[in-house]
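So the structure is just underneath, and the comments pick up after that.
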Amino acid sequence: MIPPFMLVNKKFVIIGILILAFIVGFTVLWFMNREKPPSLKPVTLEYWGINEPESAMNVLIGEYKKSHPNITINYSDRQFDDDLVRYRATLLSRLKETTGPSIFRIHSTWVSKYFSELASSRGELSNASSYKNRFYQIAYDECSSPAGEIYCVPLEYDGLVLLYNLNVFNQAGLQKPVTWEDIRSYAIKLTIRNGDTISRGGLALGTALNVSNSTDVFGLMLAQSGVSIPGGLDTDAAFAALTFYRDFASKDRVWSSSMQNSTLAFSTEKVAMIFAKKADIKKILSINPTLKFGVAEVPQLPGIDGKIKQKDWASLWVEAVSADLDEDQKNAAWDFLNWLSQPDQQKMLFAETLKSDKTGYVYSDKSLKSELKDIPYLFTLAESAPYANTSFITDNSGNDNYSQALKAAIDSGSDPMTDLKVVKAVLSK
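0 is the number of the first residue of the sequence shown in numbering that gives the first Met the number 0; add one for each residue after it.
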């Protein structure tokens with residue numbers, strides 16, 4: 000007969016062995032799982048860009064893939080022969096048919112019409128506070144829904160600046176203009192006429208069809224006058240803005256509809272000042288690489304108290320993600336865009352882009368503004384970005400039905416209020 004105390008001891012021994020076996024087994028499994036990498040599901044994403052060279056973007060994609068070997072990103076620069084209306088129509092059609100790209104570039108003014116086709120952001124880009132700290136306010140305003148969800152992210156910033164011919168200004172003893180009154184008086188002074196013909200315009204403004212960014216400039220005037228688009232187009236303030244715009248050609252005669260396109264005219268020194276975006280600067284330098292020009296922020300409109308509340312003008316292209324993707328694809332797409340929009344990657348993309356476009360562009364990340372201090376036209380653009388407004392009337396944005404209606408109103412020469420009411424009806428559809 001086994002003594003009772005031995006039975007008790009045997010029981011404890013068995014329990015101890017079981018506990019020890021459990022601990023050893025759990026420890027082994029823990030180490031095995033720790034050493035074994037998680038299974039990585041392959042994800043393939045199609046990425047449509049606009050005016051971002053494939054050679055540059057593919058370098059970035061290659062870097063991303065080093066730490067994300069399961070993710071394949073196929074990038075293509077979708078030029079569509081520079082027909083943004085066709086690009087927009089094709090993209091929207093493909094998205095509605097669920098055959099569109101995974102990631103794509105769109106103009107920020109399309110976002111509100113695309114919400115049903117877009118996947119809201121994930122991770123860091125979904126945090127409004129973080130987003131506002133990284134990017135300019137106009138980017139958040141354009142990329143967020145009324146509920147505060149974020150649907151896109153910019154990789155660069157663009158907007159209006161004033162270009163002026165330095166030789167012409169120096170000869171006339173003029174300084175950089177600040178207000179609209181400066182602009183007007185300078186334009187009158189710098190215009191040269193040969194009889195009724197303008198041989199050198201003072202400022203390319205007053206007409207629409209031969210003025211690059213004419214609808215942007217008029218939109219800027221409306222924003223500075225506190226006019227909402229399209230709701231306030233039939234107000235006295237809008238009437239005054241259109242009259243002021245037209246007066247540069249009809250009253251001050253510093254420009255005319257018979258002159259060549261404003262960008263070409265500035266390149267060949269046929270006009271002293273123009274409003275331009277980065278793409279215009281690229282074109283100017285390609286035509287006349289030695290042209291000496293200054294860059295100023297757009298003129299401001301003083302308030303009744305004489306003080307200036309700065310308002311500038313932007314035109315943003317942003318990256319978005321298709322709502323038709325599965326969860327793994329959405330997470331991968333937004334992870335890539337978050338990585339791509341970080342400062343280090345923005346600088347890398349800028350450097351790669353410079354290999355084919357020497358004019359560069361403005362970083363979308365606010366922290367990188369100082370990197371542009373040695374490139375005056377880009378730094379000036381960056382300085383204006385915190386105060387930017389925009390609208391779907393902006394030129395070269397794929398919104399031609401709206402911008403063309405506004406250009407027709409500017410050039411009609413009819414009663415301003417009548418023309419503005421027609422435009423309001425078109426823009427309100």
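C-beta: ideal position from N, C-alpha, C; glycine also.
Inter-residue spacing [alpha-carbon to alpha-carbon] between residue i and residue j
i	j	result
L426	W47	28 Å
K357	N166	23 Å
T267	Y163	13 Å
S249	V422	21 Å
Y376	L339	24 Å
L405	T393	10 Å
S224	V361	27 Å
T71	A146	32 Å
L419	A407	10 Å
Integer Cβ distance of residue i from residue j, believed to fall under 8 Å
i	j	result
T206	D410	6 Å
V177	D399	Contact doesn't hold; Cβ gap of about 33 Å is too wide.
P52	D76	6 Å
W109	R87	7 Å
L39	L336	About 19 Å separates the two Cβ atoms, so there is no contact after all.
L204	Y244	7 Å
K365	Y130	That pair is no contact at about 11 Å.
S101	L44	4 Å
Residue i in three-state terms, based on DSSP
i	result
T196	strand
I273	strand
E45	strand
V177	coil
T98	coil
P288	coil
S383	helix
G359	coil
I228	coil
V152	strand
V216	helix
A295	strand
I364	In the sequence on display, residue 364 carries Asp and not Ile. Three-state DSSP puts D364 in a strand.
S92	helix
S120	coil
Identity of the residues DSSP links to residue i by a beta bridge
i	result
P301	I307
R104	E318
N388	W312
D73	This sequence places Asn at residue 73; Asp is not what is there. BP columns for N73 point to E45.
V110	Its beta-bridge partners do not exist; DSSP assigns none.
V160	A275
F134	D364
Assigned exposure category for residue i - 16 Cβ within 10 Å defines buried
i	result
F292	buried
P385	exposed
T190	buried
D311	buried
N212	buried
F274	buried
S261	buried
K188	exposed
R104	buried
K428	exposed
Closer than 9 Å to chain D by CB, residue i
i	result
V58	Protein chains in the displayed structure number just one, and chain D is not present.
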